[in-house]
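The structure appears right after this line, and notes come after that.
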Amino acid sequence: MTSDTERFHSRLRVRMRARATDENNRASSQLELLFDLTFVVAIASITAQLAHGIEQGQGIQTIAPFLQVFFAIWWAWMNFTWFASSFDTDDAPYRLLTMLQMGGVLVLAAGVPAAFNDGDFLVVTLGYLLMRLGLIAQWIRAAVEDPTSRRTASRYATGIAVVQLGWILRLLLQQANLLPAQIQLASFVTLAVAELFVPMWAERHRRTSWHPHHIAERYGLFVIILLGESVLAASTGVAASLDAGGVSGALITISVSGLVILFALWWIYFLEPIGEGLSANRDKSYVWGYCHYAIFAVLAALGAGLEVAVEQTGHHLEVSAATAAYGVAIPAGLFLLSFWAIHRPVITHQVVRSSVILPAGVIVLALPLSVDLIGVAGVVATIAAVCALVVGVTIIRRTSAHQSN
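Below you can see the structure in the form of structure tokens.
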């Protein structure tokens, strides 16, 4: 029997090896769940900034910084998630380096207001740097301790470090006012593409041993975090509306409908057997994983849209009813369309049929055109009804198919 001392030392230091892709009962660790909590702060911050931008009539201008900061949040989370799926040792060095990355998330979150309001990405970039340093150290450790993964891990460490130097150079040029405004967005896109290219380059020689069902669970948990942020944003709007004008029928309608929308989107996401699809189509993991940026981003934006819709109805913001309606319809509609498109290459026989979800997505996107007739509350309520209908039709079809078999 292993002594308590031996068990302690095994947790203190474990040789890092690639984990088995078919490991039984693989689930998210307690450390991964704690890691995810730090992203709650960052996502809440960018959601609040997007909502504030829409309320000020500057929604279009706010989209660019929203997408840029969200890319940093999403990419750092995704890199940690896929690395952990392949090399999680859960020993002391691994935990400490994870804590460093968590600290980077909190620093990044602190810099969100400056990035949105002043275009100053200094603190955001510093937070991102901390996250990347922790990840580079993890990859170096994997290269040293796991000979079979050495080339792939070394490429990851090198690629991440080189691109990070690019982000630092971009920051220095910005701070010195040497990067023209018209080039700033182009430089961001260039570096973002370089980030996306690193895993494809690193894994040319040998693929990492990520676990499909573990990855599916991790992505599902991040979806739940984003939906939770939408609940928080909507409740913030309700509180502001109550302070300004009390309870109204429209306020109750939007609040209830918003909850129905979030619940329906959660239900839709988890209808598909993603783990099985990834297991059978590991070669398509890049497309599936990368394109989730769209799903995650629109879910974050949905929270801002619901907050604006509630406040616009509650105490009449300067923003127009059409803008408030589009703030909910665009994220919800894009979720339906992107959900279908992202899962199509991975899941051969999708549970949610294209004949159901595609028309639903188009209808949701078009609903704000009727805002003059049914109001913001009517638009949000109809969006909720359409999303609920997708769930209902899918469940009925699935039940009928099982009964016929």
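Position in the sequence shown counted from 1, then plus 9, gives you the numbering used here. Even glycine gets a Cβ: it sits at the ideal position worked out from N, Cα and C.
With fewer than 16 other beta carbons inside 10 angstroms of its own, Gln39 counts as exposed. The Cβ atoms of Val399 and Ile366 lie closer than 8 Å to each other. When the alpha-carbon of Gly128 is set against those of Gln183, Leu178, Trp84, the nearest one is in Gln183. With fewer than 16 neighbouring CB atoms inside 10 Å of its own CB, Gln191 falls in the exposed class.
The continuous stretches of alpha helix (DSSP H) do not include His358, and DSSP gives it neither H nor E.
Three or more Cβ pairs closer than 8 Å define a contact, and the segment 262 to 278 meets that threshold against the segment 340 to 353. Non-local C-beta neighbours of Ala397 in its own chain, meaning closer than 8 Å and more than five positions away in sequence, comprise Val269, Ala273, ordered along the chain. Under the three-state reduction of DSSP output, Leu40 falls in the helix class.
When DSSP states are grouped into helix, strand and coil, Val328 belongs to the coil group. With a cutoff of 8 Å on beta-carbon distance, Ala242 and Ala60 are scored as near each other. CA-CA distance, Gln77 to Val121, rounds to 11 Å.
Between the segment 330 to 337 and the segment 310 to 318 there are three or more inter-stretch CB-CB distances shorter than 8 Å, so the stretches are counted as touching.
For Ala185, there is no enclosing alpha helix (DSSP H), as DSSP gives it neither H nor E. Counting of Cβ neighbours within 10 angstroms places Ala29 among the exposed residues, the total staying below 16.
Look at Gln70 here: in three-state DSSP terms it is helix. Put simply, the backbone Cα of Ser218 is about 19 Å away from that of Trp84. Beyond the five residues adjoining it in sequence on each side, Leu42 comes within less than 8 Å, by CB distance, of Leu230 in the same chain, given in chain order.
Taking C-beta separations shorter than 7 Å and ignoring five residues to either side along the sequence, the partners of Leu374 in its chain run Ala338, Ile339, Gly342, following chain order.
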